[in-house]
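*Asks:* Handing you a structure now.
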Amino acid sequence: MKRPTRQREREYDRTRWGDESEDDKTADEGELDLENLDSDEVRRTADGELIHEETGIIIEEDRIDPGPEWRAFNHSERQSKSRVGAPTTKTMHDKGLTTTIDWKDKDAYGRSLSSEKRSQMHRLRKWQERIRTKDAGERNLQFALSEIDRMASALGVPRAVREVASVIYRRALDEDLIRGRSIEGVATSTLYAACRKEGIPRSLEEIAEVSRVERKEIGRTYRYVSQELGLEMRPVNPKKYVPRFSSELDLSKEVQSKANEIIETTAEQGLLSGKSPTGFAAAAIYAASLLCNEKKTQREVADVAQVTEVTIRNRYQEQIEAMDIHA
DNA sequence: AAATTAGGTTACGCGAC
DNA sequence: GTCGCCAAACCTAATTT
């Protein structure tokens, strides 16, 4: 009688926030597990290819190239090894390879152009634009990538995240996952995924704030995309939120490490499973701020973490209970 | 400010249709 | 395929301590 119900609970936990208990250590320290995820058979080469050791099959080769191919250690080496042209980037729909024509009516020396030359330039620009955005797919990409870029800078996440988001979006496009979904929705979801994958997670709430798509749809699309592309995502470790929230609250290092400590020990006791990572982190920070005599109110913490005071209270009660009153 | 309480919203999987 | 339903987490809002 009770059994099936229990099972459904667990299942629910796992899909919503993920189940912490089964992955334990790897999620904690591994953080950025791109490198860590080399298990026995699957290995990441220096080029960033994901290959299966025994068969030699390349599982994924479309990784980002964020810089020049060669490392140069002194000036002469730099001269000989640097490639012609800028490194390609995937945040531009044509990988940044086409010529761009400046909009200014000036020549290379800054002199303004004759009227005849000006109209010629006008025609050139027009064709340039037509060629650059040849077909609809390309235009989708261009729009999506510019959206990703816009949101990423609004969130203040590093460049690498945008690159990862771009790669994911391209894969989604290749696999025909966009059909029937809004470009913006998918673009936002890929950004969300990229943030998590790069270990600098933003909550769905935060992402939704800079997106034109509502939270609900972002979550739904994200789940779909990550499922289809097999982006295996671990649940976010609440510790990831501690530094950011803490600095927004002007809290000291002691509070932060105390909060981390609380998270660690309480998570071990299974208190995390099924709970919101942001709420969990917020509660730990609140508790730590009390213990270190740098008290913040629940309201303040709740605001930066974008959860309610009630949630903080609930988590906080459970946590101090589990810690056995540590003061 | 914090705690308590009550009631509403959400999303997931599942079985029925 | 989708309809209805469930349970748990979380939210809003009002009230009390």
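In our numbering, the protein residues as written are 93 to 419.
For each residue, glycine too, the CB sits at the ideal point set by N, CA and C.
1) Apart from the five residues on each side of it in sequence, which residues of its chain come closer than 6 Å, Cβ to Cβ, to Thr-282?
2) Based on DSSP bridge pairs, tell me the residues matched to Ser-206.
3) Look at the Cβ atom of Ala-380, then the Cβ atom of Ala-394, and state whether they are nearer than 8 Å.
4) Just the Cα atoms here: how many angstroms apart are Arg-155 and Asp-416?
5) Using a threshold of 8 Å, state whether the C-beta atoms of Ala-252 and Ala-279 are closer than that.
6) What span of residues does the alpha helix (DSSP H) with Tyr-284 cover, start to end?
7) Please classify Gly-362 as buried or exposed, where buried requires at least 16 other C-beta atoms within 10 Å of its C-beta.
8) Have a look at Glu-401 and Arg-391 and give me their C-alpha separation to the nearest angstrom.
9) His-167 to Ala-200, Cα distance in whole Å?
10) Go ahead and pull the three-state DSSP assignment for Thr-400.
11) Mind checking which residues open and close the alpha helix (DSSP H) that includes Ile-260?
12) Just verifying my parser: in three-state terms, what is the DSSP assignment at Lys-332?
13) Using DSSP with H/G/I as helix, E/B as strand and the rest coil, what is Gln-361?
14) State the DSSP-derived secondary structure class of Asp-342, mapped to helix, strand or coil.
15) Alpha carbon to alpha carbon, what distance is there between Ser-207 and His-214?
*Replies:* Let me spell this out:
1) Within the same chain, and ignoring the five residues on either side of Thr-282 in sequence, the residues whose Cβ sits closer than 6 Å to its Cβ are Ala-257, Ile-260 and Tyr-261.
2) The partner list for Ser-206 (beta bridge, DSSP) is empty, contrary to what the question assumes.
3) The answer is no: Cβ separation not under 8 Å.
4) Residue placement at Arg-155 cannot be trusted, given a pLDDT of 44 that sits under 50; what the coordinates show is reported in the next sentence. Cα-Cα distance, rounded: 47 Å.
5) Cβ atoms of Ala-252 and Ala-279: not closer than 8 Å.
6) Segment 275–289, the alpha helix (DSSP H) holding Tyr-284.
7) The C-beta of Gly-362 has fewer than 16 other C-beta atoms within 10 Å across all chains shown, which makes the residue exposed.
8) One C-alpha to the other measures close to 6 Å.
9) Confidence at His-167 is low in this model, with a pLDDT of 47, below 50, so the placement of that residue should be treated as unreliable; the coordinate-derived value is given next. Linking His-167 to Ala-200 through their CA atoms gives a straight-line distance of about 29 Å.
10) DSSP, reduced to helix, strand and coil, places Thr-400 outside both helices and strands of the structure shown, so it counts as coil.
11) Ile-260 -> alpha helix (DSSP H) spans 251–266.
12) Three-state result, Lys-332: helix.
13) Reduced to three states, the DSSP call for Gln-361 is coil.
14) Reduced to three states, the DSSP call for Asp-342 is coil.
15) So the alpha carbons of these two residues sit roughly 10 Å apart.
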